[in-house]
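At position 84 of the sequence shown the residue is numbered 1359 (our numbering), and the sequence of numbers has no breaks.
Backbone N, C-alpha and C define an ideal beta-carbon position, used for all residues, glycine too.
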Amino acid sequence: MSDIKRYGAEGGVGQGRQHMPFSRAVEADGWLHVSGQVPMRDGELVGGTVTEQAHVAIGNVLAILAEAGYGPEHVVRCGVWLDDARDFYAFNTVFRHYFGEHPPARACVENRMVVDCKVEVDCVAWKRPQR
1276 MSDIKRYGAE GGVGQGRQHM PFSRAVEADG WLHVSGQVPM RDGELVGGTV
1326 TEQAHVAIGN VLAILAEAGY GPEHVVRCGV WLDDARDFYA FNTVFRHYFG
1376 EHPPARACVE NRMVVDCKVE VDCVAWKRPQ R
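Next up, the structure:
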């Protein structure tokens, strides 16, 4: 059986400082699954354009990756949800800034968000486990 490590399961907070009942990320056998990240800082959503929000959401993903000892070069797949399909080009410009040298596989869909934001990003990363 593999060891499973959970990041942020002890009490992550969302909008209004509400406790969130899931981990920021879960790692097992070299795989790291990062939960969907919205443009949130200190439990509050950041407003602005999709470009501004995408920088914050991807920055949140990268911070979780770094906390677990991973980097953008380890990301094998991203999921992206956009509130408005017309933001696709602007989002891609931001995405390319962070993942251009190591582009992961990706799905991108237009979807109404659960919170009032323009974008959400999750990812799966992998690196060889140290034995």
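- With 16 other CB atoms within 10 Å as the buried threshold, where does Tyr1345 fall? The residue labelled residue 1345 in the question sits at position 70 within the sequence shown. Around the CB of Tyr1345, 16 or more other CB atoms lie within 10 Å, so the residue is classed as buried.
- Task: Please confirm whether Ala1382 and Gly1354 have their CB atoms less than 8 Å apart.
- Result: The residue given as residue 1382 occupies position 107 in the sequence shown. The residue given as residue 1354 occupies position 79 in the sequence shown. Yes, they are a contact pair.
- From Asp1304 to Ile1279, what does the alpha carbon distance come to, in whole angstroms? Counting from 1 along the sequence shown, the entry for residue 1304 is found at position 29. Counting from 1 along the sequence shown, the entry for residue 1279 is found at position 4. Taking the straight line joining both Cα atoms gives about 8 Å.
- Task: Rounded to whole angstroms, what's the CA-CA distance from Val1336 to Pro1347? Just pull it up for me.
- Result: Reading the sequence shown from its first residue, position 61 is the one you call residue 1336. Reading the sequence shown from its first residue, position 72 is the one you call residue 1347. Distance between the alpha carbons of Val1336 and Pro1347 is about 9 Å.
- Item | Ala1400 in three-state terms, based on DSSP | Numbered from its first residue, the sequence shown carries residue 1400 at position 125. Looking at Ala1400 - three-state DSSP - the assignment turns out to be strand.
- Message: As an exercise, report each continuous beta strand (DSSP E) stretch of at least 3 residues that is fully enclosed by the region 1335-1398, in chain order.
- Response: The region 1335-1398 contains these whole beta strand (DSSP E) runs: 1350-1357 and 1380-1385.
- Task: Verify whether the separation of the beta carbon atoms of Val1313 and Val1390 is less than 8 Å.
- Result: The sequence position of residue 1313 within the sequence shown is 38, counting from 1. The sequence position of residue 1390 within the sequence shown is 115, counting from 1. Yes. Within cutoff.
- Message: At the level of alpha carbons, what is the spacing between Leu1408 and Arg1371?
- Response: The structure shown does not extend to residue 1408, since the chain is modelled only from 1276 to 1406, so the question has no answer here.
- Task: Please list, in chain order, all residues of the same chain as Val1350 whose beta carbon is under 6 Å from its beta carbon, the five residues on each side excluded.
- Result: As a first step, residue 1350 must be located in the sequence shown, where it is residue number 75. Pro1379, Cys1398 and Ala1400.
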